[in-house]
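In our numbering, the protein residues as written are 21 to 257.
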C-alpha cells in the first residue's frame, strides 16, 4: 500500500516530461558552452569537435556548419547500430543538432572579449571546460529523452556492447582524435585543431562522467524522473 501511495505521489514518468526536457535543454546548453571554452583555451579543441573543426578549416565552411554535418553522420550511425531499436522520436536529434550547432557559435561569440593569455589560464580553462562538458553530457543523458547526436552514437555503442557509458565515451572520443589527426595531415599538411587539450578531453571526459553519475545527487534525481512506480526506467515516448 505504501509503495502504491508513493507511486501516486511521484506521478507517472510521462507527467514529468516537461522537467525532463528542461534538464535536457540545460545539458545541451552546458555542452555547447564547454566546447567553446575548451576551444578558447587554445590547447586543442574538444575531442567530440575535432573532426568537424579540421574539416571546417580545410573546406572554408563554418565550424558550426561542419558540426551539423558530422552530427548527421552520427545519427546515421545510430540507425545502423540500433536498427529496429532506433525510436522514431530520436529523429528529433536533427532539430537538436541545429540548436546545438548554433549554440556553439553563440557561446563562442559571448566569449569573444574573454582572453586566456597565459598557460595557467589556458590550463584552467581546459580543466573547467572538460568538467563542464562531462556535466553537460551527464545531465543530457539522465532524463532519457533526446540526445545530441555525438552522445546518441555513444549510447548506441553502449547499448550494443553493454560497456559503461563513460568508457564508451572515452573510447569513441579517442577514435575521433585519431581520425582528426589523419584528416589534418591529409588535408592541411600538419596538425590543426588537435593538441594536448584534445587528448586530455578524450581521455578524461568519459571518466569524469562516470564519477559524476556515481556521486552527484542531482543526476540521480534527474534519472529518477524516468522511473515508474515499479522502479523501471521509461523512455520519453
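Virtual Cβ for every residue (Gly too), placed ideally from N, Cα, C.
Alpha carbon of residue i to alpha carbon of residue j, nearest angstrom
i           : j           : result
residue 146 : residue 57  : 7 Å
residue 97  : residue 90  : 11 Å
residue 184 : residue 178 : 7 Å
residue 28  : residue 160 : Bear in mind that a pLDDT of 48 at residue 28, under 50, signals an unreliable position, so the number given afterwards is only what the model happens to contain. Computed Cα separation, rounded: 26 Å.
residue 143 : residue 104 : 44 Å
residue 135 : residue 60  : 8 Å
residue 208 : residue 78  : 6 Å
residue 200 : residue 45  : 28 Å
residue 180 : residue 192 : 14 Å
residue 155 : residue 174 : 16 Å
residue 259 : residue 195 : As shown, the chain starts at 21 and ends at 257. That puts residue 259 outside it, with no answer to give.
residue 94  : residue 214 : 20 Å
residue 210 : residue 76  : 15 Å
residue 241 : residue 37  : 14 Å
residue 162 : residue 42  : 12 Å
residue 102 : residue 137 : 45 Å
residue 87  : residue 232 : 26 Å
residue 62  : residue 186 : 25 Å
residue 73  : residue 128 : 14 Å
residue 106 : residue 40  : 20 Å
residue 250 : residue 234 : With a pLDDT of 39 at residue 250, under the threshold of 50, the modelled position of this residue cannot be trusted, and the question is left open.
residue 100 : residue 176 : 9 Å
residue 139 : residue 130 : 22 Å
residue 124 : residue 109 : 24 Å
residue 24  : residue 158 : Any reading at residue 24 is ruled out, since the residue's pLDDT is 44, under 50, leaving its predicted position unreliable.
residue 244 : residue 212 : 42 Å
residue 121 : residue 84  : 5 Å
Span of the alpha helix (DSSP H) around residue i
i           : result
residue 91  : 83 to 102
residue 38  : 37 to 60
residue 169 : 169 to 181
residue 125 : 113 to 130
residue 140 : 139 to 161
residue 226 : 216 to 235
residue 105 : Residue 105 -> no alpha helix (DSSP H), and no H or E assigned at all.
residue 186 : 185 to 208
residue 136 : Unbroken run through residue 136: none, as it is neither H nor E.
residue 258 : What the structure shows of the chain is the stretch from 21 to 257, and residue 258 is not part of that stretch, so it cannot be assessed.
8 Å Cβ cutoff, residue i in contact with chain C
i           : result
residue 143 : No chain C appears in this structure, which consists of one protein chain only.
**Prompt:** Is there contact here, the region 206 to 222 with the region 56 to 71, by at least three beta-carbon pairs under 8 Å?
**Reply:** yes
**Message:** Taking 8 Å as the cut-off, does the region 196 to 207 touch the region 48 to 62 (at least 3 CB pairs, one atom from each stretch)?
**Reply:** no
**Prompt:** At a cut of 8 Å, does the region 220 to 236 reach the region 151 to 170 through at least three beta carbon pairs?
**Reply:** yes
**Prompt:** If we count Cβ pairs, one from each stretch, closer than 8 Å, do we get three or more for the region 168 to 176 versus the region 114 to 132?
**Reply:** yes
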